[in-house]
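Asks: All letters in the sequence shown, in the order written, are residues 1 to 405 by full-length UniProt numbering. Backbone N, C-alpha and C fix where the C-beta goes; we use that ideal spot for every residue, glycine too.
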Amino acid sequence: MNFEAFFEEKLGGLREAGNYRVFAELERQVGSCSRATRYRPDGSTQDVTVWCSNDYLGMGQNPIVTGAMKDAIDRCGAGAGGTRNISGTNHHHVLLERELADLHGKEDALIFTSGYVSNWAALGTLGAKIPGLIIYSDALNHASMIEGIRYARCEKRVFKHNDPEDLRRLMALDDPAAPKLVAFESVYSMDGDIGPIEALCDVADEFGAMTYLDEVHAVGMYGPRGGGIAEREGLMDRLTVIEGTLGKAIGVMGGYIAGSRALCDFVRSFASGFIFTTSIPPALAAAATASIRHLKVSQLERRRHQDNVAKVRAALDAHGIPHMPNPSHIVPVMVGNASKCKWISDVLMENHGIYVQPINYPTVPVKTERLRITPTPMHTDGDIAQLAGALSELWSQCALARAVA
Ligand code: PMP
1 MNFEAFFEEK LGGLREAGNY RVFAELERQV GSCSRATRYR PDGSTQDVTV WCSNDYLGMG
61 QNPIVTGAMK DAIDRCGAGA GGTRNISGTN HHHVLLEREL ADLHGKEDAL IFTSGYVSNW
121 AALGTLGAKI PGLIIYSDAL NHASMIEGIR YARCEKRVFK HNDPEDLRRL MALDDPAAPK
181 LVAFESVYSM DGDIGPIEAL CDVADEFGAM TYLDEVHAVG MYGPRGGGIA EREGLMDRLT
241 VIEGTLGKAI GVMGGYIAGS RALCDFVRSF ASGFIFTTSI PPALAAAATA SIRHLKVSQL
301 ERRRHQDNVA KVRAALDAHG IPHMPNPSHI VPVMVGNASK CKWISDVLME NHGIYVQPIN
361 YPTVPVKTER LRITPTPMHT DGDIAQLAGA LSELWSQCAL ARAVA
């Protein structure tokens, strides 16, 4: 086989379909999650305002977090030096797990290399190691959950997105004696809608099922201590497992699950994605701990963030730019056409110094192509006015329909 020709042909297919991914090469500017230097392919640079970062609260640039990271590097060096089992468990990992267990009101927590790995490893292990387990998965669950369930090779049922009635219908069809787990998210990343956690837990309880909640887009952002939507709604004790990331609002990198001591010990003892990989650098763990501790007591970042989300929505409304209404911080500006979406993103970058990545199929359905805007506490009123004004200009140039107020 001519492997090179094969790779090129497959990549050509992606290009033709408009699904070939091109990265924006950025250097984030210290002190702000909304400013960056962009490196063009020809080596020239441009200052840009970033409107699509998942460092939602700017904690990745917060001196409390960067200071904790620097201190830990000075004390422990750069890397963990091993897997958790073989010399790679640092005091900072243990402190972080305690902090996370406390954040979610659980007995224990377990950290992984990323949120992706935590979903994959935890669901993969539960599905593979609990004999006869059936996993009920929301239709819009993230790829990492889907891959974990696939890897487990257990029975899987997909219920309609955010639909407890459909979940009940499917659960009632199965053997009442079969062990069951229901997996869903709180804030869904592309539409920014929020799952009906309580109603899904009610159905799960009827069938004696475990519940597994991905709070990746909510941790740090919602709830009085940043424990997520489950904390805000007083539902943490209804969830068997709460999964999250350290890479978004916490501002660093890594993922975790929080649950009972026995469940965490079980995953720790059987998950290959936990056991056979180098643990995260102690400095990452120290930075994440500092970030979580800060967000447990400070409301400032959450308040400023929510204010800016409201301001962005109002500015878009004033220009008639259609955006998906939802109760979260994610502002999907709906273009509904793949090539126009990409064109608007390119012109925003080149002519206006505004960076928003286009979101096209297969990440979202065809004709719902969008610009997924994520305001941060660090965007200024001037940034917001500039974004809305530029979008308005490009909306006219593309002859796109305006929203009616
Ligand atoms: N779950 C959801 C819902 C996500 O959107 C993502 C990543 N965007 C992940 C898990 C994976 O998290 P991480 O980026 O930490 O790997």
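Would you list, in sequence order, the uninterrupted beta strand (DSSP E) runs of no fewer than 3 residues that lie entirely inside the region 183-266?
Replies: At a cut-off of 3 residues, the continuous stretches assigned as beta strand (DSSP E) that sit fully inside the region 183-266 are 210-214, 241-245 and 255-259.
Asks: Roughly how far, in whole angstroms, is the beta-carbon of V187 from the beta-carbon of A218, given that I think they are within contact range, below 8 angstroms?
Replies: 5 angstroms
Asks: So, for W120: in the same chain, excluding its five sequence neighbours on each side, which residues have a beta-carbon less than 7 angstroms away from its beta-carbon?
Replies: S144, E147, G148, Y151 and G273
Asks: Indicate whether L246 and A209 have their beta-carbon atoms separated by less than 8 angstroms.
Replies: The answer is no: Cβ separation not under 8 angstroms.
Asks: So the alpha helix (DSSP H) V117 belongs to, where does it begin and stop?
Replies: G115 to K129
Asks: May I ask you to report which of helix, strand or coil DSSP gives R153?
Replies: coil
Asks: Is the CB-CB distance between G259 and D138 below 8 angstroms?
Replies: no
Asks: Mind the definition here: the region 122-129 touches the region 98-108 only if three or more C-beta pairs lie below 8 angstroms; say whether that holds.
Replies: no
Asks: Whose C-alpha, out of H93, R370 and V335, is nearest the C-alpha of G254?
Replies: Out of H93, R370 and V335, the CA that lies nearest to the CA of G254 is found in H93.
Asks: How far does the beta strand (DSSP E) with F112 in it reach, from first residue to last?
Replies: D108 to F112
Asks: Rank N326, A390 and S34 by C-alpha distance to the C-alpha of D193 and give the top, closest one.
Replies: N326
Asks: Expressed to the nearest angstrom, what Euclidean distance is found between the alpha-carbon atoms of Q61 and G382?
Replies: 21 angstroms
Asks: Apart from the five residues on each side of it in sequence, which residues of its chain come closer than 7 angstroms, Cβ to Cβ, to E233?
Replies: Result list for E233: I197 and E198, in chain order.
Asks: Of the residues V309, Y361, F270 and T211, which one's Cα is nearest the Cα of E243?
Replies: T211
Asks: Evaluate M1 with the Cβ neighbour count: other Cβ atoms within 10 Å of its Cβ, from every protein chain shown; 16 or more gives buried, anything less gives exposed.
Replies: By the 10 Å Cβ count, M1 comes out exposed.
Asks: When you measure from the CB of Y116 to every non-hydrogen atom of the ligand PMP, does any distance come out below 7 angstroms?
Replies: yes
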